[in-house]
Amino acid sequence: MRKASFINGIRGLVVLALLMSAFGYTSFSVNATDEGAFSLIDYVTNHQIDTHEEFNEVLEIYCGQAPAPVPDNEISFQVYVDYENNMVVTAVVEDISQTRGSKTGRADKAYYSDAGVEIFTIVVEGRFYYTSTQCTTYSASGSFNPSPMSSWTSTPTIYSGNYSPTCAYAKTAGTAHYLSSSISYSVSLSCDTNGNLSGY
Numbered sequence: 334m335r336k337a338s339f340i341n342g343i344r345g346l347v348v349l350a351l352l353m354s355a356f357g358y359t360s361f362s363v364n365a366t367d368e369g370a371f372s373l374i375d376y377v378t379n380h381q382i383d384t385h386e387e388f389n390e391v392l393e394i395y396c397g398q399a400p401a402p403v404p405d406n407e408i409s410f411q412v413y414v415d416y417e418n419n420m421v422v423t424a425v426v427e428d429i430s431q432t433r434g435s436k437t438g439r440a441d442k443a444y445y446s447d448a449g450v451e452i453f454t455i456v457v458e459g460r461f462y463y464t465s466t467q468c469t470t471y472s473a474s475g476s477f478n479p480s481p482m483s484s485w486t487s488t489p490t491i492y493s494g495n496y497s498p499t500c501a502y503a504k505t506a507g508t509a510h511y512l513s514s515s516i517s518y519s520v521s522l523s524c525d526t527n528g529n530l531s532g533y
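For the sequence shown, this note's numbering gives the first residue as 334, with consecutive numbering after it.
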């Protein structure tokens, strides 16, 4: 019964909008869950999203987007609002491979517009060697990847080193540009002496 009432309510709103449009009313407004007025920033601010799958469902249902599948080796996911740049950001860490005393991982951040359109992604990959007393970065690479319809550009810088003898890191950082707008970004991947990966 609730589902039928909800559907009937939506149909009623659609009919009302069509009638008002037909009679010249152009100021009809809908709430944030109706098509065309959805705000991803408002949704993320007011709802707890715990998993990558939940976030992808929001993009599909409310934004009409087809997000990439969740990586099989994903070990952490976060989503937050970058209020300064009016964007939503997701942060993902992946455990790519591990051998005795060696760990390879990847961290990325994807930036989305308020309408749920992906603007660009930044990536860092690192390979680390560790023992019970120290951890070092063997190699680091990274990239800035604009979405196919995005005009943002950037040339990132790749860093690597140690926060301490027991924690090594790889980092991608830079500034993205589009017309007169710019966004400073960074994504880091770290590894400790137990081979645990973390990203931010």
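Heads up, the beta-carbon is just placed ideally off N, CA and C, and yes, glycines get one too.
Just so it is clear, the structure is predicted and the values come from calculations on it, not from any experiment.
**OP:** Could you name the residues that DSSP lists as bridge partners for residue 441?
**Re:** 425 and 456
Can you pull the DSSP bridge partners for residue 383? Per DSSP, none; premise fails for residue 383.
Spatial neighbours of residue 406 within its chain, please: CB distance less than 7 Å, with the 5 preceding and 5 following residues excluded, ordered by chain position.
-> Closer than 7 Å at Cβ, skipping near neighbours: 427, 428 and 429.
Self-check item: Validate contact between the segment 469–482 and the segment 384–402 using beta carbons, cut 8 Å, 3 pairs
Solution: no
message: Please classify residue 380 as buried or exposed, where buried requires at least 16 neighbouring CB atoms within 10 angstroms.
response: Around the CB of residue 380, fewer than 16 other CB atoms lie within 10 Å, so the residue is classed as exposed.
Going by DSSP in three states, residue 392 sits in which element: helix, strand or coil?
helix
(Q) Please return the same chain residues whose Cβ sits closer than 6 Å to the Cβ of residue 415, not counting the five positions on each side in sequence. (A) So the list reads 422, once near-sequence residues are dropped.
Inset, instruction - Would you list the residues sitting across from residue 463 in a DSSP beta bridge? - result: Answer by DSSP bridge pairing, in chain order: 468.
Q. When DSSP labels each residue in this structure, what does residue 378 get in the three-state scheme?
A. helix
Ignore the nearest five residues each way along the sequence and tell me which others in residue 504's own chain have a CB closer than 8 Å to its CB. 457, 473, 475, 491, 492, 493, 519, 520, 521 and 522
Exercise for the section: Give the DSSP-derived three-state secondary structure of residue 530 in the structure shown. Expected result: strand
Item to complete: Go through its chain and collect everything with a Cβ distance to residue 508's Cβ below 8 Å, but skip five positions before and after it.
Response: 487, 515, 516, 517 and 518
For this session: Measure the alpha-carbon distance for residue 403 versus residue 501 and round it to whole angstroms.
Result: 26 Å
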